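Remarks on the structure that follows.
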Amino acid sequence: MGRLFRRDLALLLTGSGGGVTGVLFFLAVVATIPFGVGPDLQLLARIGPAILWIGALLSALLSLDRLFQPDREDGTLDLYLMGGLPLPLVVLAKCAALWCASCLPLVVASPLLGLLLGVEPPALLASALTLLVGTPAIVLIGAVGAAVASALPRGGVLVSVLTLPLCVPVLIFGVSSTFGAVDAVAPFRAPFLILCALTLLYGAIGPIAASTALRAAND
């Protein structure tokens, strides 16, 4: 499992530029929103955490089609299906590699991009923390959509369509906990714990559901 993680991480970092594409798209989203909202700095600072979360979510969706499609094209997926390592652990290792290559740079870049929106320092730290906890759930949810679409020649759009509605609860509690860090009225702990619980839940059922979808698509 460790060797599989290192192999996938190396391929993602060398073959597709790692998280550079995601960070550039993240920057494009953050830089575009002020043109639509207007030059109101107070408004941008207030909705900044939500913009960061939406940008990170959309950026993470860009990389999900790379989870299983290359392995199916070169025959590696067949070896995984017949190998000795349980398929859910294979899926978990590939999800971990994808998160490190594509989502971790988004977490690191989020405080810097939040400065462009005038977000307060406590909200910047809260945004980075909630993204660190919540983005693994997005990858784990996306693994199921990527497994369903892996047998299709052009399933990248389908992966996003299948994944985006299921990521709405993660987005809601991620933004709610971020607002709770800077608002004395709104709570931080409760939505943050729910966000952690969602990540643990998807970490338990996501690899199993994705492996079942992979076997069904292979049949």
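No gaps in the numbering here: position 116 of the sequence shown is 1406 in this note's numbering, and each next residue is one more.
Note that beta-carbon positions come from the ideal geometry of N, C-alpha and C, so glycine has one too.
These numbers come from a predicted model, not from an experiment.
Judged by their CB atoms, P1426 and T1489 are nearer to each other than the 8 Å cut-off. The Cβ atoms of S1349 and T1420 lie no closer than 8 Å to each other.
Within 10 angstroms of the beta-carbon of V1381 lie 16 or more other beta-carbons, which makes it buried. By the Cβ criterion, the region 1339-1359 is in contact with the region 1383-1397, since at least three pairs of Cβ atoms, one from each stretch, lie closer than 8 Å. For M1372, the enclosing alpha helix (DSSP H) begins and ends at T1366 to M1372. Beyond the five residues adjoining it in sequence on each side, V1434 comes within less than 7 Å, by CB distance, of G1496, A1499, A1500 and A1503 in the same chain, given in chain order. In the structure shown, the three-state DSSP call for V1409 is coil. For L1354, no alpha helix (DSSP H) segment is defined, and its DSSP state is neither H nor E. Judged by DSSP in its simplified three-state form, F1478 adopts coil rather than helix or strand. The beta carbons of L1403 and L1317 sit closer together than 8 Å. Rounded to whole angstroms, the gap between the alpha carbons of F1482 and P1360 is 35 Å. Spanning the alpha carbons of V1313 and P1378 requires a straight line of approximately 29 Å. The residues L1299, in chain order, have a CB closer than 7 Å to that of C1390 in the same chain once the five nearest residues on each side in sequence are set aside. Here Y1370 has V1380 as same chain residues with Cβ atoms under 6 Å from its own Cβ, once five neighbours each way along the sequence are excluded.
For G1464, the enclosing alpha helix (DSSP H) has its first and last residue at V1458 to V1472. Taking a C-beta distance under 8 Å as the contact criterion, A1383 and F1295 qualify as a contact pair. Counting along the chain, G1326 sits inside the alpha helix (DSSP H) bounded by residues V1310 to V1327. One alpha carbon belongs to Y1492, the other to L1333, and they sit about 34 Å apart. DSSP places L1379 inside the alpha helix (DSSP H), whose first and last residues are L1377 to L1388.
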